[in-house]
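The structure under discussion appears below in the form of structure tokens.
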Amino acid sequence: MENNVIIDLKNISVAFDGEQILKSINLYIRDGEFITFLGPSGCGKTTTLRIVAGFLEPDDGDVIFDGKKINGVPPHKRKVNTIFQRYALFPHLNVAENIAFGLKLKKMPKDKIDKKVEEMLALVNLKGFGNRNINSLSGGQQQRVAIARALAVDPKVLLLDEPLGALDLKLRKDMQVELKKIQQSLGITFIYVTHDQEEALSMSDTIVVMDSGKIQQIGTPTDIYNEPKNAFVADFIGESNIVDGIMKEDRVVEFSGHVFDCLDTGFGKNEAVDVVVRPEDVDVVPVSQGMLTGTVTSVTFKGVHYEIIVDIGGFLWMIQSTDIQYEGSEIGLLIEPDAIHIMKKSEYSGTFGDFSSYSDEFDELSDVNAGLDTEDSDDE
Amino acid sequence: MSKAVTIGNKKATVAPFSSWMVVFVLVPMALVVYYAFTSSEGGFTLDNLKWIYTYRSTMFLSLRLAFTATAICLLLAYPIAYSMSRASEKIQRNATLIIMLPMWMNFLVRTYSWMTILENNGLINSALRSVFSLFGGEFDGFQLINNRGAIVLGMVYNFLPYMILPIYTSLTKIDNSLLEAARDLGSDGFNVFRRVILPLSVPGIISGITMVFIPSISTFIISRILGGGKDFLIGDLIEDYFLGNSGVVNYNIGAALSMVLMVLILVATFFMNHFDKDAKTSGGGRI
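Quick mapping for you: the protein sequence lines, in order, are chains A and B.
To convert, take the position in the first sequence, counting from 1, and add 4; that gives the numbering used here.
To convert, take the position in the second sequence, counting from 1, and add 41; that gives the numbering used here.
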């Protein structure tokens, strides 16, 4: 696989005003893949993107593009193009002129430019919009123009910096599907930056989870979701109950006062570990049949399921169930071996996973990128 | 809330503005038009308009000097405004202050001070003279004042801030991500300027030109003080007819000349606004 690596970041470090933004990032990106940098605001994902684009030079480390070191090469000489967070369309040019911007700089003959512009308008479903003024377009349409403008110059890599952040939920879902389709039909590399885990899971071939300037985990969406490496990843991607456990032996773990069968191996005997159980993987059963029992402290209707907070020996678990439960009732919980995921202890142990302070508002405040003022709450 | 109430309220809120406009703009303009088309006895006449033809060379001179001053202002102001907009916030603040500073002084005082700099025994010539005398030479002094160059200099000096500030404002309003997008799409520094910065600063250039051209074409103080009264501009003519400096008081001729000036300015403004609108919708490419 090494031979089709298009971008290779080696030991990239960046500091602003003495504050370390990126700490020795190592990452290679394969040609044609849809890779997503996922993390909370300030994790360094946009900084990494700007380094690839050439707007920012790393203090340390090499940026390799197609086998050649491109540190110091200015943005206009790089074969990568960017979709900016707020589109950055030229207000003095109409739709067609915006799309033609890069082509004119390439000194392409006019008839070829016109053909390419038409082709791009068709690609993003904006046929007939060529003469429209940028300001007369909706947010979604402006986004499409930005995509067409960047793709018109045939980049090898397209960088997308939270491109759907300013769109409403419905439009965002449609655009996710469309972007993925465009990427597959053109076969070029997309590097996508987002703080929205659902967006990352549904679009990406590879997800790079980042936090405080470091890569926490690289993997496919299913890997990241099912086999999170540490408590940060488990918490950031989806909802997780993360409890302290002791690995008794291979395939046997003890937590919350009960010994469970699991599928994980390769830990030391009696090693302290973090145990992750996803809320949707817990079955609610009568108390007599439960491996664990607890008291329901709150129930919220979420449409598809109920979100039930259960107090088990002082630790609050979140469970998602399609059956309603009532506050104050005692219920039993059944956890199958494949529902349990074991992680090594990390610097994040103990900081996530308890739902005692849980509320939608809290989730939003901690997750949503502060830079996106038009953001609405949607990621449950 | 009914529609009638809304309209009524709106009318009430703009009342101070409308009455101001009526008293200080509409009435004087109506008076100018009235005098322009009446004789000294008060009857209707077109005779006053003949004087426009008589004074055509004065008008062309005024236009020429105003154009020259405006062009020089633009050439000086754009680089100043551009480097200001790229500088640190502290420098931007200080530079704006320095540019505004002369405006705190009276226009007449500022213009008179140029006399003391330019005249035969003024600052520049005396300095040169003392340099020459060091080497035992004789120096008569350059003729720096009482010519058209001095008039244009006075215009440029007095009106330059009105060119710098609107251009500077339009430049600072350009979103940095647009410049990044331009670089991203393949523009080097020159193309970023030509294809993004320059077209997006056109509104600033337009208002700058308007704000320099209009006072330049109608000035009468600058030509009198720095031109030595040799080169009469249309503003001087109008002043003369109203105040009788050259012995004749004739409101009617003065009003007719004022009207021409008004028409000239209106045409220029209309042309500018049209150009501005053009630039906003599709312009760019043609610049």
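All C-beta atoms in this analysis are idealised placements derived from N, C-alpha and C, irrespective of residue type, glycine included.
Asked: Pairwise C-alpha distance: I279(B) and K271(B); Found: 16 angstroms
Asked: 8 angstroms Cβ cut-off: residues of chain B touching N85(A); Found: D225 and L226
Asked: CA-to-CA distance, R105(B) to M300(B), given in whole angstroms; Found: 19 angstroms
Asked: Closer than 8 angstroms to chain A by CB, E221(B); Found: yes
Asked: Beta carbon of V128(A) nearer than 8 angstroms to that of V84(A); Found: no
Asked: Contact test: G261(A) Cβ vs the ligand NAD heavy atom, cutoff 7 angstroms; Found: As for the ligand NAD, it is missing from this structure, which has no ligand bound.
Asked: Interface flag, P240(B) vs chain A, CB-CB below 8 angstroms; Found: yes
Asked: Closest Cα partner of Q201(A) within the set N137(A), L97(A) and I241(A); Found: I241(A)
Asked: Bridge-paired residues (DSSP) for L338(A); Found: D287(A)
Asked: Among P341(A), P283(A) and E203(A), nearest to D268(A) - alpha-carbon criterion; Found: P341(A)
Asked: The segment 62-90 of chain A: positions lying closer than 9 angstroms to chain B by Cβ; Found: P78, P79, H80, K81, R82, V84, N85, T86, F88, Q89 and R90
Asked: Under 9 angstroms (Cβ pairs) to chain A, residues found in the segment 245-256 of chain B; Found: none
Asked: N-terminal and C-terminal residue of the alpha helix (DSSP H) that S171(B) is part of; Found: L164 to L175
Asked: Segment limits, alpha helix (DSSP H) that includes L2(A); Found: With chain A covering only 5 through 384, there is no way to say anything about residue 2(A).
Asked: Neighbouring residues, chain A, relative to N89(B) (Cβ below 8 angstroms); Found: Those do not exist, as N89(B) stays about 45 angstroms from chain A at its closest Cβ, beyond 8 angstroms.
Asked: Under 7 angstroms by beta carbon: chain B residues contacting F59(A); Found: E221
Asked: Any chain A beta carbon closer than 8 angstroms to N293(B); Found: no
Asked: Whole-angstrom C-beta distance between L53(A) and V212(A), which should lie under 8 angstroms; Found: Not quite, the Cβ-Cβ distance comes to about 11 angstroms (not below 8 angstroms), so this is no contact.
Asked: Three-way DSSP call (helix, strand, coil) for M295(A) in this model; Found: coil
Asked: Rounded Cβ spacing between G336(A) and G294(A) (contact assumed at less than 8 angstroms); Found: 2 angstroms
Asked: Rounded Cβ spacing between I208(B) and Y119(B) (contact assumed at less than 8 angstroms); Found: 6 angstroms
Asked: Beta strand (DSSP E) segment containing D172(A), residue limits; Found: No beta strand (DSSP E) holds D172(A); DSSP gives it neither H nor E.
Asked: Residues, ordered as in the chain, of the segment 207-220 of chain B that lie near chain A by beta-carbon distance below 8 angstroms; Found: D216, S218 and L219
Asked: C-beta atoms of Y198(B) and M252(B) nearer than 8 angstroms; Found: no
Asked: Pick from E258(A), D265(A) and V289(A) that is closest to V277(A), judged by C-alpha positions; Found: E258(A)
Asked: Coil, strand or helix - E275(A) by DSSP; Found: strand
Asked: Cβ neighbour criterion (16 or more within 10 Å) applied to I312(A); Found: buried
Asked: Supposed close pair I25(A), A19(A) - CB separation, criterion 8 angstroms; Found: 6 angstroms
Asked: F108(B) versus R265(B), Y94(B), S80(B) and I255(B), residue with shortest Cα-Cα distance; Found: I255(B)
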